[in-house]
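Taking it in order: structure first as structure tokens, then the write-up.
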Amino acid sequence: MDIAFIVAALIAVAATVRVVTCYNIMHALLYLVVSLLAVSVVLYTYGAPFMAVLEIIIYAGAIMVLIIFFVMMLNLGLETAEHEKAWLRPRIWIVPGLFCIVLLGELLYLILQNKQPAAGIQVVPPKQVGMALFGPYLIAVELTGILLMAGIVGAYHLGRQHKKTLHRFLENNLNT
Amino acid sequence: MNLHPTTAGLLLAGILFVLGLISVLIRRNIIFMLLSVEIMLNAAGLAFVVAASHWGQADGQVMFMFILAMAAAEVSVGLALILQLYHQLRTLDSDEASRMNG
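Chains as they are written, first to last, in the numbering used here: chain A, 1 to 176; chain B, 177 to 278.
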């Protein structure tokens with residue numbers, strides 16, 4: 001087993017345990033991003049560099065940003081400023097920051113060293129993935145597009161606020 | 177400790193999946209439950225990629241991309257549902273929704 005794999009796996013498990021045991025949602029999200037970055041390094045050591053990049057872009061980028069925006073949107077109110085202050089204390093950034101620095105050093109080590117993967121791991125190049133994706137899996141790609149479309153429509157329909165259709169004058173008349 | 181790389185990768189995926197499962201079972205905050213489902217999906221994708229590297233075939237990585245797309249759709253719909261629940265009940269406690277009997 002590779003030393004890079006062991007370090008990344010330990011960081012992933014430790015960050016995930018912190019996600020499970022954390023009470024504050026923002027701290028948990030911070031650790032979850034670190035966990036996803038560590039899993040991305042694990043994917044890189046398993047000969048799937050394109051999947052590692054997709055993991056960072058889609059999981060740690062898009063999905064986590066969506067959840068963070070959502071959490072911040074739910075906390076509108078007078079206590080928002082105090083929440084922000086509590087979330088952004090420097091002390092909570094130290095451990096995720098250390099994890100991220102270790103992961104960055106590991107990634108640089110892996111890229112600069114440019115060695116062959118460990119025995120028992122076969123590198124699958126992105127070209128082969130693309131050939132499979134638009135060859136035998138073409139129907140599945142189309143179905144995934146339909147799934148994303150259904151996700152957009154469902155999110156729009158469910159997230160819609162019920163607007164007032166009556167003018168307030170008419171509403172007062174109705175109430176009396 | 178000299179594990180085969182495939183065994184080690186599957187062990188890591190299993191540990192992450194079990195952590196997510198435990199979090200779904202013990203948590204009552206509904207956003208944390210959504211995060212735990214994300215952890216479980218991620219662990220399943222990791223297992224697919226490890227299998228792909230074991231066999232040298234691209235199918236596992238194709239499945240990982242499908243899992244990514246599915247996770248994105250699931251999060252968008254799930255967050256919209258949580259938003260509606262929060263507007264109805266004014267809380268994020270999932271037990272509060274148990275009185276919603278049909």
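Where is the CB? At the ideal position from N, CA and C, for every residue including glycine.
What in chain A is Cβ-close to residue i, meaning under 8 Å?
| i | result |
| --- | --- |
| Ile215/B | Thr16, Val19, Leu32 and Ser35 |
| Leu186/B | None at all; the shortest Cβ gap to chain A is about 11 Å. |
| Met246/B | Thr144 and Leu147 |
| Leu222/B | Val39, Val42 and Leu43 |
I want to verify the contact list: residues of chain B whose CB lies under 8 Å from the CB of residue i, in sequence order.
| i | result |
| --- | --- |
| Gly61/A | Result: empty, since nearest Cβ-Cβ is about 11 Å, beyond 8 Å. |
| Ile25/A | Asn205, Ile207 and Phe208 |
Less than 8 Å between the beta carbons of residue i and residue j, yes or no?
| i | j | result |
| --- | --- | --- |
| Ala62/A | Leu211/B | no |
| Cys100/A | Leu37/A | yes |
| Leu133/A | Val123/A | no |
| Gln128/A | Ala234/B | yes |
| Leu177/A | Leu259/B | The question about residue 177/A has no answer, for chain A in this structure spans 1 to 176. |
| Val7/A | Val102/A | yes |
| Ile198/B | Val71/A | no |
| Asp269/B | Arg204/B | yes |
| Ala48/A | Val225/B | yes |
| Gly154/A | Val253/B | yes |
| Ala249/B | Gly159/A | no |
| Tyr31/A | Pro96/A | yes |
| Ala245/B | Thr144/A | yes |
| Val19/A | Ser35/A | yes |
Rounding to the nearest angstrom, what Cα-Cα distance links residue i and residue j in this structure?
| i | j | result |
| --- | --- | --- |
| Val194/B | Met216/B | 8 Å |
| Ile121/A | Ile243/B | 22 Å |
| Ala219/B | Gly190/B | 7 Å |
| Ala223/B | Ala9/A | 13 Å |
| Val53/A | Leu261/B | 34 Å |
| Met242/A | Met149/A | Since the displayed chain A opens at 1 and closes at 176, residue 242/A lies outside it and no answer follows. |
| Val41/A | Arg89/A | 28 Å |
| Ala4/A | Ala247/B | 27 Å |
| Thr45/A | Pro136/A | 27 Å |
| Pro181/B | Leu257/B | 40 Å |
| Leu55/A | Ala273/B | The question names Leu, but residue 55/A in the sequence shown is Glu. So the alpha carbons of these two residues sit roughly 33 Å apart. |
| Leu188/B | Val13/A | 8 Å |
| Ile58/A | Gln264/B | 31 Å |
| Gly236/B | Ile146/A | 21 Å |
| Gln161/A | Leu74/A | 14 Å |
| Phe69/A | Phe240/B | 25 Å |
| Asn24/A | Val39/A | 23 Å |
| Thr16/A | Cys22/A | 10 Å |
| Ile92/A | Val200/B | 24 Å |
| Met26/A | Met64/A | 11 Å |
| Asp2/A | Ala119/A | 10 Å |
| Trp231/B | Asn114/A | 22 Å |
| Leu138/A | Leu186/B | 28 Å |
| Met209/B | Val251/B | 11 Å |
| Gly105/A | Leu179/B | 24 Å |
With hydrogens ignored, establish whether the beta-carbon of residue i is closer than 7 Å to any heavy atom of the ligand ZN.
| i | result |
| --- | --- |
| Gln233/B | Summarising the ligand content, the structure contains no ligands, and the ligand ZN is consequently not present. |
Note down, in chain order, every chain B residue with its Cβ under 7 Å from the Cβ of residue i.
| i | result |
| --- | --- |
| Ala4/A | Here the premise fails: no neighbours, minimum Cβ distance about 11 Å. |
| Val53/A | In chain order: nothing, as chain B lies at least about 11 Å away. |
| Ile58/A | Leu244 and Ala248 |
In chain A, which residues lie with their C-beta within 9 Å of the C-beta of residue i?
| i | result |
| --- | --- |
| Gly126/B | Residue 126/B lies beyond the range of chain B shown here (177 to 278); nothing can be said about it. |
For residue i, return the contacting residues in chain B, with the cut-off set at a CB-CB distance below 9 Å.
| i | result |
| --- | --- |
| Ile67/A | Ile207, Leu210, Leu211, Glu214, Val251 and Leu255 |
| Val7/A | Here the premise fails: no neighbours, minimum Cβ distance about 12 Å. |
What residues of chain A sit near residue i, judged by a beta carbon separation below 7 Å?
| i | result |
| --- | --- |
| Ser229/B | Tyr46, Gly47, Ala48, Ile121, Gln122 and Val124 |
| Leu197/B | Neighbours of Leu197/B on chain A: none; closest Cβ ~10 Å, over 7 Å. |
| Phe240/B | Met51 |
Using a cut-off of 7 Å between C-beta atoms, extract the partners of residue i located in chain C.
| i | result |
| --- | --- |
| Asp235/B | The structure shown contains no chain C; its protein chains are A and B. |
- Message: So if I threshold CB-CB distances at 7 Å, which residues from the region 248-269 of chain B count as touching chain A?
- Response: Ala248, Ala249, Val251, Ser252, Val253, Leu255, Ala256, Leu257, Leu259, Gln260 and Tyr262
- Contact list for the region 83-113 of chain A against chain B, Cβ threshold 8 Å: So the list is empty, because no residue satisfies the distance condition.
- Item | Residues from the region 127-152 of chain A in contact with chain B, defined by Cβ distance under 8 Å | Gln128, Val129, Met131, Ala132, Leu133, Tyr137, Ala140, Thr144, Leu147, Leu148, Ala150, Gly151 and Ile152
- Return the residues of the region 36-50 of chain A that lie within a Cβ-Cβ distance of less than 8 Å from chain B, sorted by chain order. Leu36, Val39, Val42, Leu43, Tyr46, Gly47, Ala48 and Phe50
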